[in-house]
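Asker: Residue numbers (this note's numbering): 40 to 332.
For each residue, glycine too, the CB sits at the ideal point set by N, CA and C.
Nothing here was measured: the structure is a model prediction, and the numbers come from that model.
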Amino acid sequence: MSEGVLERTPGGAILLDGNRLRDETVARLRGEIEAAGSPAVCLATVLVGSDKPSQIYVRMKHRKAEEAGLISRGVELPESATQAEVEEQVAALVADPTVHGILVQLPLPAHLDAEPVLAMLPPEKDVDGLTERSLGRLVRDLPGHVPCTPLGVMRLIERYGIETSGRRAVVVGRSTLVGLPQVLLLGRKGCDATVTLAHSRTTDLIEVCRQADIIVAAAGQAHMIGPDHVRPGAAVLDVGVSRTSDGIVGDVDFDQVQAVAGAITPMPGGTGPMTIGCLLENTVAAARMLGAF
Ligand code: NDP
């Protein structure tokens, strides 16, 4: 991105604008589908129960899918759905050749087991990249879908030209949804960062983080990363989402950290929109893998 169009925070950090990059991604995918003669590319979502945030996320995914020229199909099941009912719906989507990507919105209600449901998804249709086979392909550096949130972080890093080769990165959080795949993506050949994985048992987190040129915060602890954690000029990418009495906040204390960082994601408007952008990117890739165009 040329210097002229970079937006900066009051403290001078480059704003890593996820809404903008998501919109660019939507427009690019729409162009690719239209250039191929507008084949029907279909994303199916499975939503079980009435968890409000999950309903909002799914609605947003459908809206952006349609903007990108995809067809979206939503399967909704009540909170009382049984394991067998959920699996029956997923099996139908797996068998349907007109469906290219399947996303099972997590978490499922507490009485359901997500593992056997995820295990039903073939790697080609697993656009969330969370199944054993997709994560195994990532570990083995084989082609496949990469989990959307850490992929979105990588897309921001690429788009804003943040150097990774030989640089030190710290990922705070070690979930299979975000932290672990993030470590693999930053450290793999071609990206070539030297990566440290921090978690709740890490001692001296401030010292560990201060070594980093890139910090990815994915712990889900409101404002846990402050200016003391950040080496001047470092890039700080905030994945965390915490609901507090002050509203929804990230892991990074944006107001304080933007004065020290060289680049920073806003919250909201940083990694969240890119999670959706990468879901759509994965769905278009799935359609290609499945021969839709
Ligand atoms: P998990 O709860 O599964 O994992 C949190 C991780 O953070 C754990 O590894 C935990 O360590 C670590 N951790 C917790 N507290 C601390 C601490 N004080 N210091 C250091 N490490 C800590 O969460 P997820 O990975 O699923 O999600 C992380 C956050 O990202 C959440 O806020 C979630 O809402 C958000 N999220 C945002 C998305 C987006 O699109 N922006 C998408 C997905 C998630 P340990 O393993 O030792 O317990």
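What do you reckon, is the C-beta of residue 213 under 7 Å from a heavy atom of ligand 1?
Answerer: By 1-based counting over the sequence shown, the position of residue 213 is 174. Annotation for residue 213 indicates a beta carbon within 7 Å of some heavy atom of ligand 1.
Asker: Taking the beta strand (DSSP E) that residue 62 falls in, what are its first and last residues?
Answerer: On the sequence shown, position 23 is the one that residue 62 refers to. Note, residue 62: premise wrong, no beta strand (DSSP E); alpha helix (DSSP H) at 57-74.
Asker: What are the boundary residues of the alpha helix (DSSP H) that residue 218 is part of?
Answerer: Here the question's residue 218 lines up with position 179 in the sequence shown. Looking at the DSSP string, the run of the alpha helix (DSSP H) that includes residue 218 is 218-226.
Asker: Assuming residue 54 contacts residue 47 under a Cβ cut-off of 8 Å, what Cβ separation, rounded to an integer in Å, is found between them?
Answerer: If you number the sequence shown from 1, residue 54 lands on position 15. If you number the sequence shown from 1, residue 47 lands on position 8. Indeed they touch by this definition, with Cβ atoms about 6 Å apart.
Asker: I'd like the ranges of any alpha helix (DSSP H) spanning at least 4 consecutive residues and lying wholly in the region 153-234.
Answerer: Within the region 153-234, the complete alpha helix (DSSP H) segments at least 4 residues long are 153-158, 171-178, 187-198 and 218-226, listed from N- to C-terminus.
Asker: Ligand 1 heavy atoms versus the CB of residue 93: any closer than 7 Å?
Answerer: By 1-based counting over the sequence shown, the position of residue 93 is 54. Answer for residue 93: no, Cβ out of range of ligand 1.
Asker: In the DSSP output, which residue or residues are listed as bridge partners for residue 110?
Answerer: Within the sequence shown, the letter at position 71 stands for residue 110. Residue 110 is bridged to 81.
Asker: CA-CA distance, residue 114 and residue 263?
Answerer: In the sequence shown, residue 114 corresponds to position 75, counting from 1. In the sequence shown, residue 263 corresponds to position 224, counting from 1. Cα-Cα distance, rounded: 37 Å.
Asker: Suppose you measure from the CA of residue 180 to the CA of residue 173; what does that come to, to the nearest Å?
Answerer: Along the sequence shown, one-based indexing puts residue 180 at 141. Along the sequence shown, one-based indexing puts residue 173 at 134. So the two alpha carbons sit approximately 10 Å from each other.
Asker: Which term fits residue 122, buried or exposed, when burial requires 16 or more other beta carbons within 10 angstroms of its beta carbon?
Answerer: Residue 122 sits at position 83 when you count from the first residue of the sequence shown. It is exposed - the Cβ of residue 122 has fewer than 16 other Cβ atoms within 10 Å.
Asker: When you compare only the Cα positions, how much space is there between residue 280 and residue 77?
Answerer: Walking along the sequence shown from the start, residue 280 turns up at place 241. Walking along the sequence shown from the start, residue 77 turns up at place 38. So the alpha carbons of these two residues sit roughly 36 Å apart.
Asker: What's the call for residue 316, buried or exposed, on a 16-neighbour Cβ count within 10 Å?
Answerer: For the purposes of this step, residue 316 is taken as residue 277 along the sequence shown, with counting starting at 1. By the neighbour-count rule (16 or more Cβ atoms within 10 Å), residue 316 is buried.
Asker: If residue 132 sits next to residue 138, beta carbons under 8 Å apart, how far is it from one beta carbon to the other, in whole angstroms?
Answerer: The residue you call residue 132 lines up with position 93 of the sequence shown. The residue you call residue 138 lines up with position 99 of the sequence shown. So it is a contact: roughly 5 Å between Cβ atoms.
Asker: Kindly list the residues whose CB is nearer than 8 Å to the CB of residue 79, restricted to its own chain and excluding five residues on each side of it in sequence; keep chain order.
Answerer: Translated into the one-based positions of the sequence shown, residue 79 becomes position 40. Sequence-distant partners of residue 79 (beyond 5 residues in either direction) whose C-beta falls short of 8 Å from its own C-beta, in its chain, are 110, 137 and 331.
Asker: What's the call for residue 324, buried or exposed, on a 16-neighbour Cβ count within 10 Å?
Answerer: Counting from 1 along the sequence shown, the entry for residue 324 is found at position 285. The residue in question, residue 324, is buried, as its Cβ has 16 or more Cβ neighbours within 10 Å.
Asker: Roughly how many angstroms lie between the CA atoms of residue 88 and residue 126, to the nearest whole one?
Answerer: In the sequence shown, counting from the first residue as 1, residue 88 sits at position 49. In the sequence shown, counting from the first residue as 1, residue 126 sits at position 87. Those two C-alpha atoms are separated by around 15 Å.
Asker: How about the region 161-178 and the region 196-207: do they share at least three Cβ pairs that are nearer than 8 Å?
Answerer: no
Asker: Can you tell me the Cβ-Cβ gap for residue 253 and residue 273, rounded? I've got them flagged as a contact below 8 Å.
Answerer: As a working note, residue 253 is residue 214 in the sequence shown. As a working note, residue 273 is residue 234 in the sequence shown. Contact holds; Cβ gap of about 7 Å.
Asker: Would residue 265 and residue 295 be called neighbours here (beta carbons separated by less than 8 Å)?
Answerer: Numbered from 1 along the sequence shown, position 226 holds the residue referred to as residue 265. Numbered from 1 along the sequence shown, position 256 holds the residue referred to as residue 295. Result yes, Cβ atoms of residue 265 and residue 295 sit closer than 8 Å.
Asker: So the alpha helix (DSSP H) residue 256 belongs to, where does it begin and stop?
Answerer: Here residue 256 corresponds to residue number 217 of the sequence shown, with the count starting at 1. Residue 256 -> not in any alpha helix (DSSP H); beta strand (DSSP E) instead, spanning 253-256.
Asker: Have a look at residue 215 and residue 142 and give me their C-alpha separation to the nearest angstrom.
Answerer: Within the sequence shown, numbered from 1, the residue matching residue 215 stands at position 176. Within the sequence shown, numbered from 1, the residue matching residue 142 stands at position 103. Rounded to whole angstroms, residue 215 to residue 142 spans 16 Å at the Cα level.
Asker: When you compare the CB positions of residue 182 and residue 217, do they come within less than 8 Å of one another, or not?
Answerer: Position 143 of the sequence shown holds residue 182. Position 178 of the sequence shown holds residue 217. It is not a contact, given that the beta carbons lie outside the stated cut-off.
Asker: Out of 327, 61 and 322, which one is the CA nearest neighbour of residue 191?
Answerer: Here residue 191 is taken as the residue at index 152 of the sequence shown, counted from 1. Minimum Cα distance to residue 191 is reached at 61.
Asker: Do residue 220 and residue 275 come within 8 Å of each other at the CB atom, strictly closer than that value?
Answerer: Taking the sequence shown and counting its residues from 1, the one referred to as residue 275 is at position 236. Taking the sequence shown and counting its residues from 1, the one referred to as residue 220 is at position 181. In this structure, residue 220 does not lie closer than 8 Å to residue 275 by Cβ.
Asker: So residue 311 and residue 57 are supposed to be a Cβ contact under 8 Å. How far apart are they, rounded?
Answerer: By one-based count along the sequence shown, residue 311 stands at place 272. By one-based count along the sequence shown, residue 57 stands at place 18. At roughly 7 Å, the Cβ-Cβ gap stays under 8 Å, so residue 311 and residue 57 are in contact.
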